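Number of protein chains: 2
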Amino acid sequence: MPRAGLSRTRVVEIALATLDEDGWDGMTLGAVAARAGVAVPSLYKHVAGLPGLRRDVALVCVEEFDAVLRAAGPDVVALARAARRYGVSRPGRYAAVQGGDWAHGPDAQELAAASAVTVETIADALRSLGLEPGAEIDAVRAVRALVHGFVTLQAAGGFGLPDDVDASFDRAVASLVAGLTR
Amino acid sequence: MPRAGLSRTRVVEIALATLDEDGWDGMTLGAVAARAGVAVPSLYKHVAGLPGLRRDVALVCVEEFDAVLRAAGPDVVALARAARRYGVSRPGRYAAVQGGDWAHGPDAQELAAASAVTVETIADALRSLGLEPGAEIDAVRAVRALVHGFVTLQAAGGFGLPDDVDASFDRAVASLVAGLTR
DNA sequence: ACCGAAAAGCTAAGACCATTAGCCAAGCCG
DNA sequence: CGGCTTGGCTAATGGTCTTAGCTTTTCGGT
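Protein chains in written order, with my numbering: chain A, 62 to 243; chain B, 62 to 243.
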């Protein structure tokens with residue numbers, strides 16, 4: 062029996078491919094093992110079960126998401142567009158970034174730290190708007206909520222009308238920014 | 062063997078109780094059957110499997126959610142507050158309202174119709190702001206996205222800082238409304 | 001009042017899912 | 001070359017949903 066030559070990072074890579082194809086709920090141990098050409102229990106040699114795999118995958122996605130945001134530059138609108146593009150084009154990874162409840166898990170530290178970086182990126186972009194100091198946290202929350210809500214509603218097919226969702230999004234962000242700087 | 066005296070509506074009632082206690086993912090046929098004092102396959106006599114049960118439960122929740130919004134009156138801020146209060150106090154039912162992908166299912170009609178009523182309620186509240194006719198759909202989407210994003214981020218523990226989330230929400234809604242009517 | 005049929009429960013069984021235990025062989029290192 | 005670590009495996013357990021088929025209750029019609 063030749064070995065498959067797996068490793069933690071290789072398993073995570075394969076899991077990411079599965080995630081992109083089958084979504085967050087479809088990223089099952091069976092699917093990953095099949096794609097790796099290996100029996101399911103073999104994965105436990107590299108990864109701490111399904112929760113551990115999800116945690117590892119989420120960490121990669123959070124870091125990737127943050128990189129995308131950073132690359133969008135310091136403009137709030139560009140940042141929001143980039144975040145939404147990521148969420149729409151890679152729904153599985155976006156769900157991994159936002160979706161987990163590992164906020165309550167034991168190994169939440171790494172994830173929380175990585176998420177904090179993302180929040181800080183948004184805060185940087187908002188600083189250029191010249192908000193009052195006390196309003197910054199509120200503004201970050203508002204932007205995150207608007208973008209996240211848009212992405213998830215769209216992903217769930219919540220926008221029944223076929224009107225241009227891109228335009229709606231741009232206008233919503235513009236309106237919120239206008240209201241924040243009012 | 063005495064009968065349990067179940068019915069479709071009774072099963073849905075029990076499922077709602079399970080939903081409130083165990084959340085959307087915890088609303089399993091096993092949990093519902095146990096609470097009903099019945100074996101799992103017996104539920105199939107009243108409900109079309111798990112997808113059918115979810116569809117029925119979602120329908121009830123959508124109608125309830127719409128009633129809550131209507132009761133909040135025609136003010137946008139009050140409506141947003143009511144929606145968020147519902148989402149925070151009954152996370153399971155809120156997930157049922159928003160969460161499904163039955164938009165693509167075969168029996169999406171009833172659900173879609175009920176959801177359309179909710180959207181119309183929001184549109185009514187926004188009409189009092191005196192928006193330009195073409196901007197209405199965009200405005201509804203913005204409000205829905207902001208509220209929905211806030212609720213889901215909060216439910217996922219996405220707001221790390223312990224700052225007052227209620228105040229952040231009120232300010233976010235006020236900012237968006239200000240931006241929309243600008 | 002009775003008989004038959006529909007309805008409502010049940011058990012059994014099958015397909016997946018995650019997880020644990022324990023075995024065996026591959027490969028590295030002295 | 002021998003042994004130990006490591007990475008694969010099979011087997012088994014318990015959970016999920018689902019279908020098939022059986023039994024018993026219950027109700028309606030004559």
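Ideal Cβ positions, reconstructed from N, Cα and C, are used throughout, including at glycine. The structure presented is a predicted model; accordingly, all values stated were derived computationally and were not measured.
- Taking a C-beta distance under 7 Å as the contact criterion, Ala141(A) and Val208(A) qualify as a contact pair.
- Taking 7 Å as the CB threshold, Arg142(A) stays off the interface with chain B.
- Take the alpha-carbon of Gly240(A) and the one of Leu90(A): they are about 46 Å apart.
- When C-beta atoms of the segment 204–224 of chain B are compared with those of the segment 197–217 of chain A, three or more pairs fall below 8 Å, so the two segments count as touching.
- Listed by position along chain B, the residues whose Cβ is nearer than 8 Å to that of Ser229(A) are Ile198, Asp199, Arg202, Ala203.
- Taking CB atoms only, Leu237(B) has a neighbour in chain A less than 7 Å away.
- Within the segment 92–168 of chain B, the runs of alpha helix (DSSP H) that reach at least 4 residues and sit entirely inside it are, in chain order, 110–132, 137–150, 152–160.
- Considering only Leu187(B), Glu181(B), Arg188(B), Val72(B), the residue with the shortest C-alpha distance to Arg116(B) is Val72(B).
- The C-beta of Leu130(A) comes no closer than 7 Å to any C-beta of chain B.
- Around the beta carbon of Leu222(A), a 10 Å sphere encloses fewer than 16 other beta carbons of the protein chains shown; the residue is thus reported as exposed.
- In the structure shown, Pro194(B) falls within a helical segment according to DSSP collapsed to helix, strand and coil.
- Counting along the chain, no alpha helix (DSSP H) covers Thr242(B), and no H or E run does either.
- Excluding the 5 residues flanking it on each side, Ser176(B) has same chain C-beta neighbours closer than 7 Å at Val123, in chain order.
- Distance from the Cα of Val178(A) is smallest, within the candidate group Glu193(A), Val158(A), Gly191(A), Leu192(A), for Val158(A).
- Annotated as distal: Glu193(A) and Leu120(A), with beta-carbon spacing of 7 Å or more.
- Leaving aside the five residues that flank Arg154(A) on each side, the residues in its chain whose CB is nearer than 8 Å to its CB run, in chain order, Leu77, Leu80, Asp81, Cys122, Glu125, Phe126, Tyr147.
- By the 16-neighbour rule on beta-carbons within 10 angstroms, Ser236(B) is buried.
- In the same chain as Ala196(B), and ignoring 5 residues on each side of it, the C-beta atoms closer than 8 Å to its own belong to Leu241, in chain order.
- Residues of chain B whose Cβ lies closer than 9 Å to the Cβ of Asp224(A) are, in chain order, Ile198, Asp199, Arg202.
- Between Val234(A) and Val138(A), the gap from beta carbon to beta carbon is short of 7 Å.
- Boundaries cannot be given for Asp225(A), as no alpha helix (DSSP H) includes it and DSSP labels it neither H nor E.
- Judged by DSSP in its simplified three-state form, Thr79(B) adopts helix.
- The same chain holds no residue with a CB closer than 8 Å to that of Gly66(B) once the five nearest residues on each side in sequence are set aside.
- When Cβ-Cβ separations below 7 Å define contact, Phe126(A) makes no contact with chain B.
- Gly219(B) counts as buried, since no fewer than 16 other beta carbons sit within 10 angstroms of its beta carbon.
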